Structures are given as C-alpha cells and as structure tokens.
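Remarks on the structure that follows.
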Amino acid sequence: MCIKNRDHLYRLIISQLFYDGHSTIASGLAAQVNVDPPCSPSDQLKSVVTKGLQHETDRQKESEQALNLNPIQQMLIGPGIDFEFETNVICTAPEPSLYETIYVTSHKGACRAGAFSSDGQLIATGSSDSSIKILDVERMLAKAHNIDSTGNQEGQRHPVIRTLYDHLEEVTCLEFHPNKPILASGSRDCHVKFFDYSKTSVKKAFNTIDVRCKDSLVKLWELSTGRCLIAYTGAGTIGKQQHCIQALFNHTEEYVMFPDEATTSLCAWNARNASRQQLLSLGHNGPIRSIVHFPNSAAFLTFSDALEPVFGIENT
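Residue numbers for the sequence shown, in the numbering used here: 172 to 487.
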C-alpha cells in the first residue's frame with residue numbers, strides 16, 4: 172500500500188473513532204501517525220466496509236456458481252486459504268508432530284502405493300511383490316486400543332479385510348472409486364485392474380485393461396466394457412516414448428494434454444473428436460516425467476529430469 176493510501180486509511184479510522192465517541196483513542200492515534208489537517212467525525216469507513224462485504228458475498232456466490240463442483244470435487248479441493256485475512260486463524264487440526272503410529276501392516280516386498288477411500292473408512296496398500304491389501308480403519312483403531320468392535324478384549328477382527336493377487340509385477344498406483352466399492356490399480360506389468368471389494372472372497376480383478384504401448388498413443392477407455400473409445404494420435408515426431416507418462420484432461424475436460432518426450436512440447440487434442448491442436452513448447456532441457464493440471468483453472472505444472480519444474484498458465 173502506498174503512503175498516500177495508507178494516510179487516507181488512517182484518516183478514515185480516526186474519523187470513525189471520533190464518530191463513535193472514542194475521542195481519546197482517536198486523538199492518540201492522530202498524534203501517533205501525525206495526521207494533518209485534523210480529522211472530523213465521519214462514518215465513511217463503516218459505509219466503505221459495508222459495501223465491501225456486500226461485494227465479497229456476491230463475488231463468492233459467483234465463484235461457487237462458476238466452479239459448479241460436485242461434493243467429491245469440493246472435498247478434494249477444499250475451501251482454500253485466504254492468506255490476506257486468515258493468517259491468525261487458530262488451526263483446528265493437530266500438528267503433524269503430534270500424530271502417532273496406530274497400526275503397521277507389511278507385505279513381502281516394498282510398499283510402493285497407498286490410497287484412502289473417499290469416506291476415510293478404508294485404506295489400500297500396494298507392493299513390489301504384486302499384492303494389494305485393503306484395510307479397515309476402524310478395525311486398525313480397535314486393534315491399537317486392544318478392543319474389538321463390540322468392546323471386548325478378545326476375538327479381535329483383523330484389520331486386513333481383503334488381499335488381492337492379480338498383478339504380475341510391482342503395484343505402482345491405487346485409487347478408490349468415489350462412491351462404489353471398486354478399487355483401481357496400476358502396475359509395471361502394464362495392466363490397469365479393477366477389483367470389486369464388496370465380495371469377501373475376491374482375489375482377482377473383474378476387469379483388466381492392457382495399456383502396453385510406448386508409441387505415444389493416448390487412449391480413452393470405457394471401464395464397464397474395457398474397450399478403447401478413442402485414440403489421440405500424432406504426439407511427437409518419432410512415435411515412441413522411452414519413459415512412461417500419464418496424459419490428462421484440462422480443468423473443463425474439453426482437451427486432452429500430453430507432454431511429448433522427443434520435442435519437450437505439450438501436445439493437445441479436442442477430447443471429443445481427437446483433433447490435434449497447436450503444440451506448446453515447454454522449454455525443458457530433459458524428458459518430461461510428470462504433468463499436473465490445476466483443478467479449476469487454466470494452469471498446469473510439468474516436471475522433468477532436468478530438475479526444473481515449469482508452471483504454465485493461460486495467456487490472457
């Protein structure tokens with residue numbers, strides 16, 4: 172804030188204090204900030220603040236309507252932080268240093284992936300031994316406190332409720348469906364698998380997608396049938412990727428975006444008709460390994476072997 176605006180702010184505060192009958196405080200503040208000429212009583216500050224609050228409410232409503240997020244998206248994105256007005260807010264969550272280990276599960280190999288269900292009741296872990304475990308959080312807490320769900324000391328139920336064996340190599344990623352009892356998993360065996368964990372005897376996936384390709388093809392799959400709905404072709408000049416990287420939608424799901432390894436450019440297609448869009452040079456000095464898009468705005472991040480992340484935003 173410039174000096175002129177700051178002086179004007181002080182004058183508004185002092186005038187409001189005089190108007191509200193706090194003459195002693197107003198006079199003390201005027202002397203402290205060397206106000207000249209003297210301030211007369213006025214409620215202009217109250218009027219300005221009232222109009223500002225009305226505008227803030229309208230802007231918040233417009234923002235919420237523009238986002239049009241479903242409950243799951245709202246939960247994932249969160250309310251956000253207003254650093255200008257909320258710097259002194261008391262945190263309601265405990266400090267991370269106060270967390271304690273409640274339960275430890277183990278695989279035969281290194282654990283490489285994990286995920287919480289959207290309601291926080293289940294946890295999935297994936298291992299380099301190709302196994303997947305699903306654990307019940309409530310049972311973990313009960314076992315940690317040496318009681319079962321009925322409050323008895325004996326007969327504790329084991330927290331691991333499912334153990335899944337259907338991959339041939341290391342499990343690299345896991346994700347729960349937001350509102351169905353389905354767990355998706357990815358592996359170095361180049362397969363994406365879907366497990367229905369509502370069935371107590373489940374061991375194998377009910378659906379599998381073979382994603383083996385290093386030909387720069389980006390494909391959109393229908394999960395219910397396992398068929399490829401559309402392929403986005405023409406990324407790059409050599410038609411081959413040495414490293415695996417995931418394509419993604421932009422925040423409106425109107426475009427599919429994919430960093431090409433050979434040219435370090437961003438390839439984009441119309442998501443519905445697969446028409447190629449113009450390339451965007453990303454300026455990396457090495458192969459791009461990851462891309463993340465902002466959830467509700469035209470911005471993204473890319474990461475490469477050359478150590479430097481690149482932030483891209485719509486040119487307005």
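All residues carry an ideal CB built from backbone N, CA and C; glycine is no exception. Note that the coordinates shown come from a computational prediction; the quantities given were computed from them, not determined experimentally.
Tell me whether residue i is buried or exposed, calling it buried when 16 or more other Cβ atoms sit within 10 Å of its Cβ.
{"i": "Phe471", "result": "buried"}
{"i": "Val275", "result": "exposed"}
{"i": "His338", "result": "buried"}
{"i": "Glu432", "result": "buried"}
{"i": "Ser461", "result": "exposed"}
{"i": "Phe377", "result": "exposed"}
{"i": "Cys262", "result": "exposed"}
{"i": "Gly397", "result": "exposed"}
{"i": "His316", "result": "exposed"}
{"i": "Ala313", "result": "buried"}
{"i": "Pro430", "result": "buried"}
{"i": "Gly357", "result": "buried"}
{"i": "Thr195", "result": "exposed"}
{"i": "Phe420", "result": "exposed"}
{"i": "Gln292", "result": "exposed"}
{"i": "Leu226", "result": "The sequence as given places His at residue 226; Leu does not occur at that position. Result: exposed."}
In three-state terms, what does DSSP make of residue i?
{"i": "Pro430", "result": "strand"}
{"i": "Tyr274", "result": "coil"}
{"i": "Phe189", "result": "helix"}
{"i": "Asn444", "result": "coil"}
{"i": "Ser475", "result": "strand"}
{"i": "Ser288", "result": "coil"}
{"i": "Ala201", "result": "helix"}
{"i": "Ser320", "result": "Low confidence applies to Ser320: its pLDDT is 47, below 50, so where it sits in the model is not reliable, and the reading given next is rough at best. If DSSP states are grouped into helix, strand and coil, Ser320 belongs with coil."}
{"i": "Gly454", "result": "coil"}
{"i": "Phe223", "result": "Looking at the sequence itself, residue 223 is Gly, so the reference to Phe does not match. Residue state, collapsed to three classes: helix."}
{"i": "His179", "result": "helix"}
{"i": "Val206", "result": "coil"}
{"i": "Leu339", "result": "coil"}
{"i": "Ser301", "result": "coil"}
{"i": "Ala281", "result": "coil"}
{"i": "Glu346", "result": "strand"}
Looking at residue i: is its Cβ nearer than 7 Å to the Cβ of residue j?
{"i": "Thr334", "j": "His362", "result": "no"}
{"i": "Ala286", "j": "Glu341", "result": "no"}
{"i": "Ile332", "j": "Ile305", "result": "yes"}
{"i": "Pro330", "j": "Asp307", "result": "yes"}
{"i": "Ile401", "j": "Ala355", "result": "no"}
{"i": "Pro352", "j": "Ser369", "result": "yes"}
{"i": "Ala281", "j": "Ser301", "result": "no"}
{"i": "Ala442", "j": "Val463", "result": "no"}
{"i": "Val389", "j": "Ala418", "result": "yes"}
Would you grab the beta carbon distance between residue i and residue j for me? Rounded to a whole angstrom, and I think it's under 8 Å.
{"i": "Ser452", "j": "Ser475", "result": "The pair is not a contact, with the Cβ atoms about 13 Å apart (cut-off 8 Å)."}
{"i": "Leu180", "j": "Gln215", "result": "Contact doesn't hold; Cβ gap of about 11 Å is too wide."}
{"i": "Ile185", "j": "Ala197", "result": "5 Å"}
{"i": "Thr343", "j": "Arg283", "result": "6 Å"}
Length at least 3, wholly inside the stretch 365 to 397: the beta strand (DSSP E) runs in chain order: If you keep only unbroken beta strand (DSSP E) runs of at least 3 residues inside the stretch 365 to 397, you get 378 to 381, 389 to 393.
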